[in-house]
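Protein chains: 2
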Amino acid sequence: MTSGEGEAKGGRTGRRPGDAGTREAILDAAREAFGRRGYTSASLRAVAAAAGVDPSLVLHYFGSKQALFVAAVDLPIRPREVLPGVLAGDPAGAGARVVRFFVGIWDAAANRGAFLALIRSAVSDEPAARMLHDLLTADGPEAALRDLGFPDPELRAALVGSQLVGLAFARYVIRLEPLASADADAVATLIGPTVQRYLHGDLPVPTPEERP
Amino acid sequence: MTSGEGEAKGGRTGRRPGDAGTREAILDAAREAFGRRGYTSASLRAVAAAAGVDPSLVLHYFGSKQALFVAAVDLPIRPREVLPGVLAGDPAGAGARVVRFFVGIWDAAANRGAFLALIRSAVSDEPAARMLHDLLTADGPEAALRDLGFPDPELRAALVGSQLVGLAFARYVIRLEPLASADADAVATLIGPTVQRYLHGDLPVPTPEERP
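Here it is as structure tokens:
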């Protein structure tokens, strides 16, 4: 609804190009469009129309469709910055803390649109998939684990990512019960030990193999 | 490419409506269309055109768009039928066997299109999400675990599903290394213990909670 209301709220009421509200209206419209149609299908023109602004203004603010996408699905947290805090403290409870933190972020309805836009676009579009890849590696958890001195940060980040993305898919996209309705603490109790082993367990590092 | 070749291979070469090849050409075109555009956006007319047949023939064979989708993403295995065989034998190795089996099915390139079509459609379309939900619950792993007498089959199936869907996402969609290039045995060694705990571990069953 946010984007649909963009014109009534913004474009016709004298909002000037410099207004922070215009930028936010464009981002709302972009999240809606990328979430609904995916990265490739959502056009800058449609985003601009939904936000009630001229397409040139979208380019003025963001420079390119890719930059708009990155800004629109901008994660409300910086894994590289927040993970050290989450992992600080008793190492034995690190897995459960990561899961509880992750679920807490997703459960905040305001964030879910951006996450779903990212996952939806990543599944259908190669550029978005590459962006999600980078967000989980060089720009995200992998970098955080490397900063913190974890051995094999690439492997551990990939394993943690596989469980957390799958949890998001099960809980928020296909809503598998009882995972969909469980509270964050219950989910952390169930899935925390998995993340704990991926973070701190003794793991064999696989060697790459060519697959068909 | 399969669907693009459909017309040249099929519709113009005297293939009769009863031919099994026509049905296959429609299914190939449907997998391509659902995989690329998602369930809602892919039209029966476009599928028919790609397969080189009249739209009425698609309805003749499949009855409805939903039935065509179910047939197109038809999993090459029946979880309810194959899981008992995979779980038979040493219970301590069940988790690793499930992961190795799952990766083996996905690694077969011929199956990947159907799986990706299902995941892509599920992420963008409510009807497809409901179908994937049912495939993982009443019609799939949950039913298999129930048949086999596992306690809390709904919870265990949801947890196994969350890890395996996330693994597929990490390995095949965003291609997180080293998971993307590891062989099936290595992946089973890394992720098997997770599935093992979800299948045979002592798990607290969460009580549903209202979330905002």
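Those protein sequence lines, which keep their order, are chains Y and E. Per my numbering, residue 1 is the first one in the first sequence, and the count goes up by one each step. Per my numbering, residue 1001 is the first one in the second sequence, and the count goes up by one each step. C-beta: ideal position from N, C-alpha, C; glycine also.
Chain Y places a beta carbon closer than 8 Å to that of residue 1169 of chain E, counting this residue as a contact. Looking at the backbone, the Cα of residue 169 of chain Y and that of residue 143 of chain Y are separated by about 24 Å.
Relative to the Cα of residue 172 of chain Y, the nearest Cα in the group Y:63, Y:138, Y:103 belongs to Y:103. Across the set Y:201, Y:134, Y:163, the C-alpha of Y:134 shows the shortest separation from the C-alpha of residue 78 of chain Y.
Inter-residue distance for residue 1114 of chain E and residue 89 of chain Y is about 44 Å (C-alpha atoms, whole angstroms). Collapsing the DSSP output to three states places residue 193 of chain Y in a helix. Within the region 154 to 165 of chain Y, those residues whose Cβ lies closer than 9 Å to any Cβ of chain E are, in chain order, 154, 155, 157, 158, 159, 161, 162, 163, 164, 165.
The beta-carbon of residue 1174 of chain E is placed less than 8 Å from the nearest beta-carbon of chain Y. A Cβ of chain Y is located within less than 8 Å of the beta carbon of residue 1182 of chain E. Contact of residue 145 of chain Y with chain E by beta-carbon distance below 9 Å is absent, the smallest such distance being about 13 Å. When Cβ pairs closer than 8 Å are counted between the two stretches, the region 1138 to 1152 of chain E is seen not to touch the region 1064 to 1074 of chain E, the count staying below three. The contact set of residue 1122 of chain E on chain Y, defined by CB atoms closer than 7 Å, consists of 173, 174 in chain order. In this structure, residue 205 of chain Y keeps its C-beta atom at 8 Å or more from the C-beta atom of residue 136 of chain Y. DSSP places residue 1141 of chain E inside the alpha helix (DSSP H), whose first and last residues are 1141 to 1147. Secondary structure note for residue 1078 of chain E: it is in no alpha helix (DSSP H), with a DSSP letter that is neither H nor E.
Here the C-alpha atom of residue 200 of chain Y lies approximately 15 Å from the C-alpha atom of residue 161 of chain Y.
Rounded to the nearest angstrom, the Cβ distance from residue 99 of chain Y to residue 165 of chain Y is 13 Å, too far for a contact under 8 Å. Residue-level contact by beta carbon fails for residue 23 of chain Y and chain E, as no gap is shorter than 8 Å.
For residue 72 of chain Y, no CB of chain E lies under 8 Å from its own CB, so it is not counted at the interface with that chain. Neighbourhood of residue 193 of chain Y in chain E, by CB distance below 7 Å: 1197, in chain order. For residue 185 of chain Y, the secondary structure class from DSSP, reduced to helix, strand or coil, is helix. Spanning the alpha carbons of residue 63 of chain Y and residue 19 of chain Y requires a straight line of approximately 17 Å. Assignment of residue 1108 of chain E by DSSP, reduced to helix, strand and coil, places it in the coil class. Residue 96 of chain Y sits away from residue 27 of chain Y, with the two beta carbons spaced by 8 Å or more. Between residue 35 of chain Y and residue 87 of chain Y the beta-carbon gap is near 30 Å, outside 8 Å, which marks them as no contact.
In the DSSP annotation of this structure, the continuous segment of the alpha helix (DSSP H) that includes residue 1062 of chain E starts and ends at 1055 to 1062.
Between residue 1123 of chain E and residue 123 of chain Y, the gap from beta carbon to beta carbon is short of 8 Å. One alpha carbon belongs to residue 22 of chain Y, the other to residue 80 of chain Y, and they sit about 29 Å apart. In the same chain as residue 1129 of chain E, and ignoring 5 residues on each side of it, the C-beta atoms closer than 7 Å to its own belong to 1122, in chain order.
Using a Cβ-Cβ cut-off of 8 Å, residue 177 of chain Y counts as an interface residue toward chain E, since at least one Cβ of chain E sits closer than that to its own. Taken atom to atom, the span from the alpha-carbon of residue 1190 of chain E to that of residue 1043 of chain E is near 41 Å.
When secondary structure is reduced to three states using DSSP, residue 1175 of chain E falls in the coil class, being assigned neither helix nor strand. For the 8 Å CB-CB criterion, residue 157 of chain Y and residue 167 of chain Y do not form a contact.
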